[in-house]
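Comments concern the structure below.
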Amino acid sequence: MPHSPAETIRVLLIDDHAVVRSGLRLLLEARPGFHVVGEAGDRSTALALANKTQPEIILLDLTLPGTSGLDLIPELLAAAAESRIIILTGVLDPEAHTHAVAAGARGVVLKEKAPEVLVKAIEKVHDGEVWLDRSAVARLVGARQEASRKAARHDPEETKIASLTGREREIITLIGCGFRNKQIAARLFISEGTVRNHLTTVFSKLEVADRMELLMYAYRHGLAKPLL
2 MPHSPAETIR VLLIDDHAVV RSGLRLLLEA RPGFHVVGEA GDRSTALALA NKTQPEIILL
62 DLTLPGTSGL DLIPELLAAA AESRIIILTG VLDPEAHTHA VAAGARGVVL KEKAPEVLVK
122 AIEKVHDGEV WLDRSAVARL VGARQEASRK AARHDPEETK IASLTGRERE IITLIGCGFR
182 NKQIAARLFI SEGTVRNHLT TVFSKLEVAD RMELLMYAYR HGLAKPLL
């Protein structure tokens with residue numbers, strides 16, 4: 002439902018650049034139905050104004066002196082529980098936008114967008130909707146798809162092998178050379194019982210059932226070289 006000019010939206014501006022705040026004030030107050038109730042360039046002023054004015058919309062930059070806009074979101078909502086926060090930022094990182102929404106923001110608008118986009122975002126969020134920048138969403142989806150592709154390419158056996166200790170690798174190498182437990186113990190100056198304990202752990206880590214399976218696994222993954 003389009004915003005009615007008869008209904009005034011009260012807005013609090015939080016940005017560390019005075020020129021940005023002035024520009025936003027001029028933009029919004031030149032249009033019917035918007036009233037800027039205050040401006041803040043730092044955390045303490047922002048919280049004080051949020052508590053005092055109880056705005057319907059808070060425009061918040063992600064970068065503030067001495068703090069992060071992300072950290073400020075829950076504090077602002079504690080000071081003005083009925084306020085709806087829109088992140089207005091030049092930060093293009095889609096993960097930062099996701100974290101902002103998770104923290105309680107109701108919208109994200111990039112500063113590079115046209116003024117009409119910001120006005121529409123304020124109206125939509127005021128009406129109870131969530132506003133996310135399409136390009137930011139596209140970047141987030143792309144980043145997550147790439148992460149999924151990388152995960153799919155990852156060899157699960159690498160994780161198993163990476164969990165082996167140096168001593169366990171030594172024992173596997175000696176088994177690959179044909180050594181029995183007694184010979185391994187003598188070579189490494191440890192007891193046969195210790196060798197058996199190491200092997201039990203190795204079997205569990207590599208998910209093999211016995212010595213023969215371990216030998217085949219070691220040859221297949223380069224942990225030992227087959228005897229010629």
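Per the numbering used here, residue 2 is the first one in the sequence shown, and the count goes up by one each step. Glycine included, every Cβ here is placed at the ideal spot set by N, Cα and C.
Given a threshold of 16 other Cβ atoms within 10 Å of its Cβ, counted over all protein chains shown, does glycine 39 qualify as buried or as exposed?
In the sequence shown, residue 39 corresponds to position 38, counting from 1. The residue in question, glycine 39, is buried, as its Cβ has 16 or more Cβ neighbours within 10 Å.
Should the region 34–53 be called in touch with the region 11–20, which here means at least 3 C-beta pairs below 8 Å?
yes
On a CA-only basis, which of Val196, Arg197, Ala219 is nearest leucine 207? Give me that one, please.
Translated into the one-based positions of the sequence shown, residue 207 becomes position 206. Comparing Cα-Cα distances from leucine 207 to each of Val196, Arg197, Ala219, the minimum goes to Ala219.
So, is the C-beta of leucine 48 closer than 8 Å to a C-beta in chain C?
The chain labelled as chain C is not found in the depicted structure, where only one protein chain is given.
For aspartate 62, which of Lys125, Ser192, Trp132, Leu73 has the nearest alpha-carbon?
Mapped onto the sequence shown, residue 62 falls at position 61. For aspartate 62, the nearest C-alpha among the options comes from Leu73.
May I ask you to verify whether the region 55–70 touches the region 83–94, counting CB pairs closer than 8 Å and requiring at least 3?
yes
May I ask you to list the residues that DSSP assigns as paired with valine 12?
For the purposes of this step, residue 12 is taken as the residue at position 11 of the sequence shown. According to DSSP, which records beta bridges pairwise, valine 12 is partnered with Val37, Ile58.
Going by DSSP, name the residue or residues bridged to isoleucine 173.
Taking the sequence shown and counting its residues from 1, one reaches residue 173 at position 172. In DSSP, isoleucine 173 forms no bridge with anything.
Within 8 Å, do at least three Cβ pairs link the region 21–34 to the region 44–53?
Touching, no.
Can you tell me whether isoleucine 74 is helix, strand or coil according to DSSP?
In the sequence shown, residue 74 corresponds to position 73, counting from 1. When DSSP states are grouped into helix, strand and coil, isoleucine 74 belongs to the helix group.
Inspect the beta-carbon positions of valine 21 and valine 37 and report whether they are closer than 8 Å.
What you label residue 21 is simply residue 20 of the sequence shown in a count that begins at 1. What you label residue 37 is simply residue 36 of the sequence shown in a count that begins at 1. Cβ distance not < 8 Å, so valine 21 and valine 37 don't count as in contact.
Drop a sphere of 10 angstroms on the beta-carbon of leucine 215, count the other beta-carbons inside from all chains shown, and report buried for 16 or more, exposed for fewer.
By 1-based counting over the sequence shown, the position of residue 215 is 214. It counts as buried.
According to DSSP, is serine 69 helix, strand or coil?
Your numbering for residue 69 matches position 68 in the sequence shown. Collapsing the DSSP output to three states places serine 69 in a strand.
Could you round the C-beta distance between valine 203 and isoleucine 173 to whole angstroms and report it? I think they count as a contact, below 8 Å.
Here residue 203 refers to the residue found at position 202 of the sequence shown. Here residue 173 refers to the residue found at position 172 of the sequence shown. Indeed they touch by this definition, with Cβ atoms about 7 Å apart.
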